[in-house]
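Take the sequence shown: its letters are residues 648 to 970, numbered as in this note's numbering.
Notes for the one structure printed next.
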Amino acid sequence: MAFNLLILRTGGQSDSESVDQWPDMLRDAIPDIEVNVARSVGEAMEMIGEADAAFGNIVPEVFEKQTKLRWIACPQAGPAAGYYHSGLIDSDVTVTNTRDIYNDHISNHIMSYVLAFARGLHTYIRSQVEGEWEPGYEIVNLPDATAVVIGIGGIGGETARLCSEFGMTVIGVDPRVESPPKGVSEIVHPDNLDKALPGADFVIVTVPETPETQRLFTIEKFRLMRSSAHFINIGRGATVVLDDLVTALQDGEIRGAALDVFEIEPLPSGHPLWAIPNVIITPHCAGAGPYLDDRRTELFIENCVRFSEGRELKNIVDKANWF
């Protein structure tokens, strides 16, 4: 089935140069396809009326001009708040995302945090920079440790598997997963998160930003955790109230924290987190790694073929819940 596709390119991490190759690749895979590329919202507003499908951030002013749109391919796994606007949520348009292309890179990043905290590398690196010999870190023996992984999707599931390979007990928290996947000992519904937190040595947050996860971690959550526990967030910055995390760290409510995402990005140079010695900060880079362009391209081309053939698309999103 021939269809009209709009590719909206407005820059950003997910808008790589490989997208330039997509029109020719799509015409080879789907001979009857019509591909139009817009490089601004204004151009997209002129083109969207003819589009059956679109790739990019189809903002409300563009979306309201669509007349026959049936599918939007989101360039990200978890876009920022506002992508799923009311017009899109209330429509019959299907949305897909790019989840699962980052699973290995982000889970490896998480494990680097876990291992650093377990062996004290974050403290030894600071000592090295200061030229001080400071042994004596109280290690965390991973086979005796419990990880509570919040979000057992592709990233959380792979993280759980890796944690279990190090002998850790893993409790998964997820609203959709009912049976524990490989590496997970128990699945807990988010309604019971507060009961799971006190048993965790590592709390690992992989969830996207949704109406249910915004400001999920406040001081009340941190006070439920062990004073020996470590908190890790690689999902979205909006899930954690940074001021409350700072308070929890300064008051000894938890032992340490590692963050790749923040309420405000970049994290301001004068923010208190920079100076707290038991904090590891990375600049929203957990998803970095090879093959991402190839994976994103493969997923998009396959979904375009599926769309042209009337088959079910991969990575369909629950629009009301943003993931």
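All C-beta atoms, glycine included, are put in the ideal place defined by N, C-alpha and C.
query, result
"Just the C-alpha distance for residue 763 and residue 711, rounded to the nearest angstrom, thanks.", "49 Å"
"For residue 893, which three-state DSSP category applies?", "helix"
"For the alpha helix (DSSP H) containing residue 819, name the first residue and the last one.", "Here residue 819 belongs to no alpha helix (DSSP H); instead the beta strand (DSSP E) covers 816-820."
"If you follow the beta strand (DSSP E) that residue 682 is part of, which residue opens it and which one closes it?", "681-685"
"Can you tell which of 949, 965, 967, 964 has the C-alpha that lies nearest to the C-alpha of residue 675?", "949"
"Considering Cα atoms alone, identify which of 654, 804, 704, 749 is closest to residue 933.", "749"
"Can you give, in chain order, each stretch of the beta strand (DSSP E) that sits fully within the stretch 759-810 and has at least 3 residues?", "793-797"
"Run the CB neighbour count on residue 943, radius 10 Å, all protein chains shown included, and call it buried at 16 or more, exposed below.", "buried"
"Can you give the beta carbon distance from residue 740 to residue 716, rounded, assuming they're within the 8 Å contact cut?", "5 Å"
"Determine the contact status of residue 928 and residue 891, defining contact as a CB-CB distance below 8 Å.", "no"
"Looking only at its own chain, which residues have a Cβ that is under 6 Å from the Cβ of residue 758, when we skip the five neighbours before and after it?", "809"
"From the DSSP output, read off the bridge partner residues of residue 879.", "851, 905"
"With 16 as the cutoff for other CB atoms within 10 Å, does residue 907 come out buried or exposed?", "buried"
"According to DSSP, is residue 833 helix, strand or coil?", "strand"
"So, using beta-carbon positions, are residue 834 and residue 827 closer together than 8 Å?", "yes"
"Over the uninterrupted beta strand (DSSP E) stretch that includes residue 741, give me the two end residues.", "741-743"
"Can you tell me whether residue 779 is buried or exposed? The criterion is at least 16 other CB atoms within 10 Å of its CB, across all chains shown.", "exposed"
"Rounding to the nearest angstrom, what Cα-Cα distance links residue 769 and residue 951 in this structure?", "45 Å"
"Give me the Cα-Cα distance between residue 786 and residue 668, rounded to the nearest whole angstrom.", "49 Å"
"Quick check: the stretch 814-833 against the stretch 877-884, are at least 3 beta-carbon pairs closer than 8 Å?", "no"
"In three-state DSSP terms, what is residue 660?", "Bear in mind that the predicted position of residue 660 carries a pLDDT of just 47, short of 50, making it too unreliable to give a figure here."
"Tell me, which residues are paired with residue 928 by DSSP?", "906"
"At which residue ranges does the stretch 714-754 contain complete beta strand (DSSP E) runs of 3 or more residues, listed in the order of the chain?", "718-720, 741-743"
"Output the boundary residues of the beta strand (DSSP E) element that contains residue 885.", "First-last for residue 885: undefined, no H or E at that position."
"Per DSSP, residue 700 is paired with what?", "652, 718"
"Rounded to whole angstroms, what is the Cα-Cα separation between residue 857 and residue 963?", "16 Å"
"Going along the chain, which residues of its own chain have a beta-carbon closer than 7 Å to the beta-carbon of residue 767, five neighbours each way excluded?", "784, 786"
"How would you label residue 714, buried or exposed, when you count the other beta carbons within 10 angstroms and need 16 or more for buried?", "exposed"
"Looking at C-alpha atoms only, which residue of 797, 958, 806 is the closest neighbour of residue 838?", "797"
"Cβ atoms of residue 692 and residue 666: under 8 Å apart, would you say?", "no"
"Which two residues bound the contiguous alpha helix (DSSP H) that contains residue 962?", "First-last for residue 962: undefined, no H or E at that position."
"Straight-line CA distance for residue 660 to residue 872?", "For residue 660, the predicted structure reports a pLDDT of 47, less than 50, and the residue's modelled location is therefore unreliable. A value from the coordinates is still provided. Their Cα atoms are separated by approximately 35 Å."
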